[in-house]
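In the numbering used here, the protein residues as written are 2 to 547.
A virtual CB, placed ideally from N, CA and C, is assigned to each residue, including glycine.
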Ligand SMILES: [Zn+2]
């Protein structure tokens, strides 16, 4: 069947349902007003959580879209019926079982657009500030409908409080979380963390982790390149990973190095998978040093070998050549006066022109400037300037002022990213935040679709969607999610493959992407016409089989 025929039929259906569409718009407006009212009143009500169910009980059809169902199977032109917040039916438009509206059912004409499961962001920092911005524009405007928080060794503690807050005042999107190793370490060791933990301390961390697991975290996350995780031994991490494994949890890691010691960090990750016997995911996989560029295939071969040996090792990747972190992350020995280490970082890892100050509490005027620019302004060489900035940040912290700092730094190349992303066991993530300095917070998913799929052809459409949905769900243990099939939650994104692209940049990181037409969570529209609707149907997703 030709596309023309599909369009004609879609137009006819849309026409015959025209009155219904208008009425359905009215109903929808009423529903989202109700949702807003409920959201406003909910904190005042108690024991009435049932009244806050998302306004999605009625059914509707999305008609004539190219349906890419998240499994990796070829797309087809078809329609989807949503009822009660769940996908009720999916059918090709040219088949005997083609769907047509019944009983004045509203119809969304989606001819020419792609309909996919909502994206599942397996490495997100969008939970930061989420309770103050429940509509989560950065998230829903990318087509993301589920975020997985608690990354890099840092999580809300105790997680039960965060989950309870999200259930009292739901967000637009679903939220799952890991328990952070660094968070547990801080609870047990306080400020005395610059050493290996004792057996008693590890046991105390295990006990806290068990509680977090019982309350529904997906497993354990580590940030072994950061304080306080950097001071842990591999045995400490394995002990905690085994605790996660015993409860059916998994392990996700910002590894000990992403640059000079990447290969050793991968070996440590494989050892953890081998000894703790649980699914292991490498976070924001990258080759962040010149000396590593071009070696993606070789590194993936090592992971394939580990997988062939029976280990479940997977990864996520975000589509940018630059990362965001702290200035101090490039000093694995934690000596921030070490000129040789600073010189190595600026020669091998991040050029002064490629290091942009994202945040600098002691002197916010520097935000947005590169290290090269600041160096020229101050008349000091880049190594000195870099060490000075760290010293200024630390000095501010010491006297109780804002010493917070972050950088956006260019260390990767497109080819490596595309190769890592193409690995069959890699899913897409954003690593982004609601108001971060890195454009990934608003742009990661549209960037993959626009740049890697449409412009560069490095991923097929179905492959990319699979990596954003079904595969991501499998990697997080979120059963029954990330697929556009009957019975799955109606978390959906409708986008235009011809125009979808990120618009956020390092200069303007909060610009919403183009081409994301409409996003539903549990059957409620959370984003359309470039704006959030105010609907707040998100759920807390706790680990299955607790
Ligand atoms: Zn990280």
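Between which two residues does the beta strand (DSSP E) containing residue i stretch?
| i | result |
| --- | --- |
| residue 90 | 87 to 93 |
| residue 145 | 145 to 150 |
| residue 440 | Looking at the DSSP string, residue 440 is not in any beta strand (DSSP E), and its letter there is neither H nor E. |
| residue 109 | 108 to 110 |
| residue 220 | 220 to 224 |
| residue 368 | No beta strand (DSSP E) holds residue 368; DSSP gives it neither H nor E. |
| residue 77 | 77 to 84 |
| residue 612 | A question about residue 612 goes unanswered here, because the residues of the chain that appear run from 2 up to 547. |
| residue 429 | 427 to 429 |
Below 6 Å CB to CB, which residues in the same chain sit around residue i once its five sequence neighbours on both sides are set aside?
| i | result |
| --- | --- |
| residue 274 | 281, 312, 314 |
| residue 126 | 434 |
| residue 357 | 371, 409, 507 |
| residue 388 | 343 |
| residue 307 | 271, 314 |
On the CB-based measure, 16 or more other CB atoms within 10 Å of its CB, does residue i come out buried or exposed?
| i | result |
| --- | --- |
| residue 74 | exposed |
| residue 52 | Note that residue 52 scores 38 on pLDDT, short of 50, meaning its location in the model is unreliable; the coordinates nonetheless yield the value given after this. Exposed, because fewer than 16 other Cβ atoms sit within 10 Å of the Cβ of residue 52. |
| residue 480 | exposed |
| residue 261 | buried |
| residue 110 | buried |
| residue 289 | buried |
| residue 188 | exposed |
| residue 199 | exposed |
| residue 27 | Here the model assigns residue 27 a pLDDT of 39, short of 50, so the residue's position is not dependable and the matter cannot be decided. |
| residue 263 | buried |
| residue 193 | exposed |
| residue 98 | exposed |
| residue 527 | buried |
| residue 487 | exposed |
| residue 533 | buried |
| residue 509 | exposed |
| residue 346 | buried |
| residue 376 | buried |
| residue 103 | exposed |
| residue 365 | exposed |
| residue 304 | buried |
| residue 441 | buried |
| residue 133 | exposed |
| residue 234 | exposed |
| residue 401 | exposed |
| residue 545 | exposed |
| residue 112 | buried |
| residue 317 | buried |
| residue 213 | buried |
| residue 379 | exposed |
Considering residue i, what are the terminal residues of the alpha helix (DSSP H) in which it resides?
| i | result |
| --- | --- |
| residue 241 | 235 to 247 |
| residue 495 | Run containing residue 495: none in the alpha helix (DSSP H); it sits in the beta strand (DSSP E), 493 to 496. |
| residue 458 | Run containing residue 458: none; DSSP gives neither H nor E here. |
| residue 118 | Run containing residue 118: none in the alpha helix (DSSP H); it sits in the beta strand (DSSP E), 115 to 118. |
| residue 300 | 297 to 309 |
| residue 471 | 471 to 477 |
| residue 385 | 383 to 399 |
| residue 183 | 182 to 190 |
Considering only residues of the same chain and omitting the five flanking positions on each side of residue i, which have a CB-CB separation below 8 Å?
| i | result |
| --- | --- |
| residue 484 | 70, 71, 72, 118, 470, 471, 474 |
| residue 395 | 337, 404 |
| residue 48 | With a pLDDT of only 32 at residue 48, under 50, the local geometry of the prediction cannot be trusted, and the value read off the model is given with reservation. So no residue of the chain qualifies. |
| residue 453 | 320, 419, 422, 459, 460, 465 |
| residue 265 | 257, 258 |
Going by DSSP, which residues form a beta bridge with residue i?
| i | result |
| --- | --- |
| residue 324 | 410 |
| residue 464 | For residue 464, which the question treats as bridged, DSSP gives no partner whatsoever. |
| residue 356 | 410 |
| residue 131 | Answer is none; residue 131 lacks a bridge partner. |
| residue 529 | 519, 532 |
| residue 361 | 406 |
| residue 212 | None, per the DSSP bridge assignment. |
| residue 252 | 221, 281 |
| residue 175 | 147 |
Flag residue i as yes if its beta-carbon sits less than 9 Å from any beta-carbon of chain B, otherwise no.
| i | result |
| --- | --- |
| residue 170 | Among the chains in the structure shown there is no chain B, since it carries only a single protein chain. |
Whose C-beta lies closer than 7 Å to the C-beta of residue i among residues of the same chain, with five residues either side of it excluded?
| i | result |
| --- | --- |
| residue 455 | 498 |
| residue 543 | 217 |
| residue 278 | 246 |
| residue 142 | 443, 513, 514, 517, 528 |
Using a Cβ distance threshold of 8 Å, determine whether the segment 80 to 91 contacts the segment 455 to 474, with at least three qualifying pairs required. no
Quick one: any contact between the segment 494 to 502 and the segment 425 to 432, if contact means 3 or more CB pairs under 8 Å? Not touching, per the Cβ criterion.
Do the segment 295 to 302 and the segment 401 to 409 make contact, defined as three or more Cβ pairs closer than 8 Å? no
Counting Cβ pairs, one atom from each stretch, are 3 or more of them under 8 Å apart for the segment 518 to 536 and the segment 155 to 175? yes
So does the segment 250 to 268 actually touch the segment 92 to 112, counting three or more Cβ pairs closer than 8 Å? no
For the segment 156 to 166 and the segment 206 to 220, state whether three or more C-beta atom pairs, one from each stretch, are separated by less than 8 Å. yes
At least 3 beta-carbon pairs within less than 8 Å: the segment 327 to 344 vs the segment 128 to 144: no
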